[in-house]
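Q: Please see the structure below; I have some questions.
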Amino acid sequence: MTFIIDNNGMAFTQNPLDRMSDKREDADFVAKLKADTRSKVVVLARDMPVLEGHEILLELSSVEDLGEVSQLALLGLWDQTPVFAVLLRDEASEVVEVADEGGLLDTRVIRLKKRSDLKLVDTRSIATGGLVSPNMLGILAQAKAVLHWHHTHQFCGRCGTKTYSSPGGSRRDCPNCAAQHFPRTDPVVIMLAVDGDRCLLGRQPRFPKGMYSCLAGFLENGETIGDAVRRELFEEAGIRTGEVQYVGSQPWPFPASLMIGAVAHATSTGLKIDHNELEDARWFSKDEASSVLTGTHPDGFTSPASMAIAHHILKTWLNSQS
């Protein structure tokens, strides 16, 4: 049976930009786009997006009014509109409140010192709350990932010299050894193990109370997607799996991952949970899993919201069982 995920409702998967990969490192071309009065920009302060009402794209010409810029990168063209990403220096903003309520949302309250009327909202809240359009979420994911990479990779991995950003911001160059460094994407396998009409769901301690999800883990060097799926399921839950079917993928800007979705068919079912990774894992019948997805489980169990690929993997499998 083939599983195909419907991306409808999944966050960060729609990006309308032409990334201009053939021109974005042409200094003259980038300078021309910067000077274009139509140019827009996604602004981040302390890794949190800046919104003007429900608008994520601000005027590039207004950025200097927000604070000093730490990094600028060209994201691409939307029709004929140039779109950039900007990271402000930390001094441009201040943390007003830190509320740790657990769960997955960033509960910091941050404001810009020069524009307290603009809102800073964490990316998950923007996605789950539908604060911007799907196209904007895709652009935001791209912006957040590339700016985070610039912020955390400022020195050459070969010789240790401080690097500088290329004209379009799509790489960093070393002035000492001439090495070129490119933004990284971290591949993560996220999978639903199935046994007939049962599926395996687990929860991490940081999840909101009652939430169960697909198991997940990072793809390691020299590993295929299928091997990573089988390894992670065995390491975290102690089960063996055979056939692995790819079902879809999702950019995940927390900070810069690509979620690779799969369904894995179990060849053993006895659980041995690694409690360093999981708080719990259990097999759910089709009816139970359906109630988890819809939030009607008698024990209050829930699944991730529709913004996440885990929701769609579970939904796609359940639809295949009906």
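Numbering (our numbering), first residue to last: 45 to 366. Backbone N, C-alpha and C fix where the C-beta goes; we use that ideal spot for every residue, glycine too. Quick caveat: nothing in here was measured; it's all calculated off a predicted structure.
With burial defined as no fewer than 16 other Cβ atoms inside 10 Å of the residue's Cβ, what is the status of H319: buried or exposed?
A: Answer is exposed; the Cβ neighbour count stays below 16.
Q: Which residue's Cα is closest to the Cα of L121: I183, V232, R326 and S364?
A: Checking every option, the nearest Cα to that of L121 belongs to I183.
Q: Round the Cβ separation of L263 and A325 to the nearest angstrom and send it over; I've been treating them as touching at under 8 Å.
A: Not a contact, Cβ separation roughly 20 Å.
Q: In this structure, how does DSSP classify G182 when only helix, strand and coil are distinguished?
A: Helix at G182.
Q: R247 and E374 - do their beta-carbons sit closer together than 7 Å?
A: Outside the shown range of the chain (45 to 366) lies residue 374, about which nothing can therefore be said.
Q: Answer with buried or exposed for H356, where buried requires no fewer than 16 other C-beta atoms within 10 angstroms of its C-beta.
A: That one is buried.
Q: Which two residues bound the contiguous alpha helix (DSSP H) that contains A333?
A: That run of the alpha helix (DSSP H) goes K330 to T338.
Q: Measuring only the C-alpha atoms, how far is K371 from W327?
A: The structure shown does not extend to residue 371, since the chain is modelled only from 45 through 366, so no value can be given for it.
Q: Could you name the residues of the same chain whose beta carbon sits closer than 8 Å to that of E138, not counting the 5 residues immediately before and after it, in chain order?
A: Within the same chain, E138 has close Cβ partners I154, R155 and K157.
Q: Can you give the beta carbon distance from L119 to A187, rounded, assuming they're within the 8 Å contact cut?
A: Right, their Cβ atoms sit about 6 Å apart.
Q: Mark I48 as exposed unless 16 or more other C-beta atoms lie within 10 angstroms of its C-beta, in which case mark it buried.
A: Flag for I48 reads exposed.
Q: Excluding the 5 residues preceding and the 5 following A71 in the sequence, name in chain order all residues of the same chain whose CB lies nearer than 6 Å to its CB.
A: Answer for A71: P211, listed in chain order.
Q: Going straight from the alpha carbon of M255 to that of C203, what length do you get?
A: Approximately 45 Å, taken between the alpha carbons.
Q: By a C-beta neighbour count over all protein chains shown, 10 Å radius and 16 as the cutoff for buried, is K206 buried or exposed?
A: K206 comes out exposed.
Q: Who pairs with A117 in a beta bridge, going by DSSP?
A: In DSSP, A117 forms a bridge with A129.
Q: Starting from the N-terminal side, write out each stretch of the alpha helix (DSSP H) that is 4 residues or longer and does not extend beyond the segment 70 to 123.
A: 71 to 79, all fully within the segment 70 to 123.
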